[in-house]
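For our numbering, add 11 to where a residue sits in the sequence shown, where the first one is 1.
Beta carbons: idealized from backbone N, C-alpha and C, even for Gly.
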Amino acid sequence: MLMNASRLVDYPVLSLHVGGPIAWVDSIIVDPEKLKIIAFKVSGPAVKNDPEAGNILETSDIREFADSGMIIDSIEDFVNPGDVIKLDKVMGLNFELNGLKVETKHKSKLGKIIDYVIDTETFTVHRLVVKRPAMKALVDPELIIPRKEIVEVNDYKIIVKDEEEKIRKRTTREEFVPNFVNPFREPDFSTNRMQKGK
């Protein structure tokens, strides 16, 4: 299922052990290298009341993603910062997709990311939602950029393929002419007759 990341904030975390919600999502932790959500920071009464409970939920611990919430086994699935080395490295980057500038390879400014679409089965970023600059927003207020168009991700911006490349690819496909004869089509002898008449 595809879902806007903005909908994940305040999304409930449900425990099979408790049989209901035990926390809510505060923020999203994205790995910039893979453009994938790897964890969520959570809060809630169950987390505050249990001194042993962490406040990080790794996506690998989510059993199921449903409309009612993210389903996990129990509060023991939450970890503390410092418990998982790889998670700590990504959290140390303080990477945030929203607000990043988006440019083409030839430095054409496309706008800023205001949201992104994720695949709830793999938690990969599927598309970027980009708010256009003031002048360009009159014609097209938002751009949806698919993952395959992304060339580079850094701390300040995301670089995508140029429009010229896309146009070039489209025209290449359009110029393709099949060089086979359809065996089920009846032959057209009208051109041959005309040539014989000459």
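Where T217 falls: helix, strand or coil (DSSP): Absent from the structure is residue 217, since the part of the chain shown begins at 12 and ends at 209.
Can we say the segment 160-173 touches the segment 101-113, given the rule of at least three CB pairs closer than 8 angstroms? yes
On the DSSP letters alone, give me the boundaries of the beta strand (DSSP E) that I170 sits inside. 168-171
Confirm, please, whether the CB-CB distance from V101 to D210 is below 8 angstroms. No answer is possible for residue 210: it lies beyond the span of the chain, which begins at 12 and ends at 209.
Span of the alpha helix (DSSP H), counted from its first residue to its last, around N91: That residue, N91, is in no alpha helix (DSSP H); it is neither H nor E in DSSP.
Can you tell me whether P56 is helix, strand or coil according to DSSP? helix
Closest to V164 by CA distance: which of G31, L46, I39, G122 is it? L46
Report the rounded CA-to-CA distance for G103 versus K97, giving the unit in angstroms. 10 angstroms
Does the beta-carbon distance from I40 to K59 come in below 8 angstroms? no
Would you grab the beta carbon distance between I155 and V140 for me? Rounded to a whole angstrom, and I think it's under 8 angstroms. 6 angstroms
Beta strand (DSSP E) containing Y127: first to last residue? 120-130
Within 10 Å of its beta-carbon, does A77 have 16 or more other beta-carbons around it, so buried, or fewer, so exposed? exposed
Compare the C-alpha of K142 against each of L121, G55, R158, N66 and name the closest. L121
Identity of the residue in V24, G80, P144, S119 nearest E87 by Cα: V24
Can you tell me where the beta strand (DSSP E) holding N15 begins and where it ends? 13-15
Helix, strand or coil for G103 per DSSP? helix
Please state whether DSSP places K45 in a helix, a strand or coil. coil
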